[in-house]
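Engineer:
Chains as they are written, first to last, in my numbering: chain A, 74 to 269; chain B, 74 to 269.
(1) Do residue 167 of chain B and residue 208 of chain B have their C-beta atoms within less than 8 angstroms of each other?
(2) Mapping DSSP to helix, strand and coil, what is residue 177 of chain B?
(3) Mind pulling the chain B residues with CB within less than 7 angstroms of residue 139 of chain A?
(4) Please say whether residue 227 of chain A and residue 198 of chain A have beta carbons closer to each other than 8 angstroms?
(5) Residues in its own chain within less than 6 angstroms of residue 262 of chain B by CB, not counting five upstream and five downstream?
(6) Between the stretch 205-234 of chain A and chain B, which residues of the former have a C-beta closer than 7 angstroms to a C-beta of the latter?
(7) With 8 angstroms as the limit, tell me which residues of the stretch 182-195 of chain A have their beta carbon closer than that to any beta carbon of chain B; keep them in chain order.
(8) Within the 8 angstroms Cβ cut-off, does residue 146 of chain A reach chain B?
(9) Can the beta-carbon of residue 96 of chain B be found less than 8 angstroms from the beta-carbon of residue 210 of chain A?
(10) Check whether the Cβ of residue 142 of chain A lies closer than 8 angstroms to any Cβ atom in chain B.
(11) By the criterion of Cβ-Cβ separation under 7 angstroms, what are the contact partners of residue 132 of chain B in chain A?
(12) Can you find the residues in the same chain that come closer than 6 angstroms, C-beta to C-beta, to residue 203 of chain B, ignoring five residues on each side of it along the sequence?
(13) Run the proximity test for residue 134 of chain A: is its beta-carbon closer than 7 angstroms to any non-hydrogen atom belonging to the ligand FMN?
(14) Please name the residues in the stretch 82-96 of chain A whose beta-carbon is closer than 7 angstroms to at least one beta-carbon of chain B, in chain order.
(15) Check whether the stretch 84-96 of chain B touches the stretch 109-128 of chain B, counting contact only when three or more Cβ pairs, one atom from each stretch, lie closer than 8 angstroms.
(16) At what residues does the beta strand (DSSP E) containing residue 199 of chain B begin and finish?
(17) To the nearest angstrom, how far is it from the Cα of residue 104 of chain B to the Cα of residue 232 of chain A?
(18) Would you mind reading off the limits of the beta strand (DSSP E) that contains residue 126 of chain B?
(19) Using the beta-carbon count (16 or more within 10 Å), is residue 82 of chain A buried or exposed?
(20) Assuming residue 222 of chain A is part of the beta strand (DSSP E), what are its boundary residues?
(21) Identify, in the order they occur along the chain, each residue of the same chain with its Cβ nearer than 6 angstroms to the Cβ of residue 148 of chain A, setting aside the five sequence neighbours on each side.
(22) Name the two residues that bound the continuous alpha helix (DSSP H) containing residue 118 of chain A.
(23) Look up residue 170 of chain B in the DSSP assignment and give the residues it is bridged to.
(24) On the DSSP bridge list, what partners appear for residue 94 of chain A?
(25) Output the distance between the C-alpha atoms of residue 191 of chain A and residue 163 of chain B, rounded to the nearest integer angstrom.
(26) To which residues does DSSP link residue 152 of chain B through a beta bridge?
(27) Start and end of the beta strand (DSSP E) containing residue 99 of chain A?
(28) Should residue 222 of chain A be labelled buried (16 or more other beta-carbon atoms within 10 Å of its own) or exposed?
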């Protein structure tokens, strides 16, 4: 997605060989117009798949997921990292290992929002090792729903997540795929054809 | 806002005299079309105020704030409850006391996103005791920005927050104002005139 790549080049910062900081428009400050275009792009790529729900992870997944939900006209559910006081019964939980923080955390969704007739699009802001996306897919499958695919705003294609998810049979659509962040330089994977 | 009141009556649950559960469309599952209408309503109410930025709090504030930001064409910044590994320098922090959880938590925003020319609309999902809104206003004012007003999706008008914020001189616009939740019944404040 050209608009997104342009934004990443203009405002993203390669903090290290593995960390891309995009707090200017995605992770802390949010650019609503860009999110709207991202939502439209996800909707276009998964059009005709019969998506009935979108599942994402708080907090940075919410804006792109809600914009996609607006275009596809389906509800969005965000998995919580922390248990809520008023959301306790019937939680479906999975574990996410964070390589960055070196810790395992539970994420959960109230089971009542998922049923076996649903066909779910998973959306997240980043794909690196694939642990968050796998945990979201795990939750969806625990409720006998089917996963229509995984939509990612920014994939760090030099890490294993994309390969891992594809090997497990998931269709992954990443709107920007980073080839490398070495020498504080952001390079994209040559995207002549869309990733199917 | 009639559409919102209707949704609250249809899908909200009065869990106790003080707790309203709206996880069906706002706090866990999100209704993107309703969020879009909420965004338009906030934009209409604060039109002409010269808003340059919206500040909200993760996670449930993000969807309504981003929709308002889309209509007003301004960036949205969400305050974080937990410090990020890649967002460390120049944080502006304030404290929120939660009466429900009986604990005090820091919330923070990277100072670089706020400057003294900004005129900020604060948006949050709920207004109860006003502690979260006050902490957001405190952060905004620490950076010498001005607060244009506070937009709330659901105000529990039987609690002190609305009064407290008005006394401090803030313009508060609540899209739905709950009068009472007693006997598992949701009653709204009679809203013949809009709250100015």
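Here a beta-carbon is modelled for each residue, glycine too, at the ideal position from N, C-alpha and C.
Structural biologist: Well, looking at it:
(1) yes
(2) strand
(3) 103, 105, 108, 136, 139
(4) yes
(5) 230, 250, 252
(6) none
(7) 182, 183, 186
(8) yes
(9) no
(10) yes
(11) 131, 132, 135, 151
(12) 234, 237, 238
(13) What this structure holds is no ligand at all, so the ligand FMN is not there to describe.
(14) 88, 92, 94, 96
(15) no
(16) 192-200
(17) 34 angstroms
(18) 126-130
(19) exposed
(20) 219-229
(21) 126
(22) 105-118
(23) B/177
(24) A/86
(25) 44 angstroms
(26) B/130
(27) Here residue 99 of chain A belongs to no beta strand (DSSP E), and DSSP marks it neither H nor E.
(28) buried
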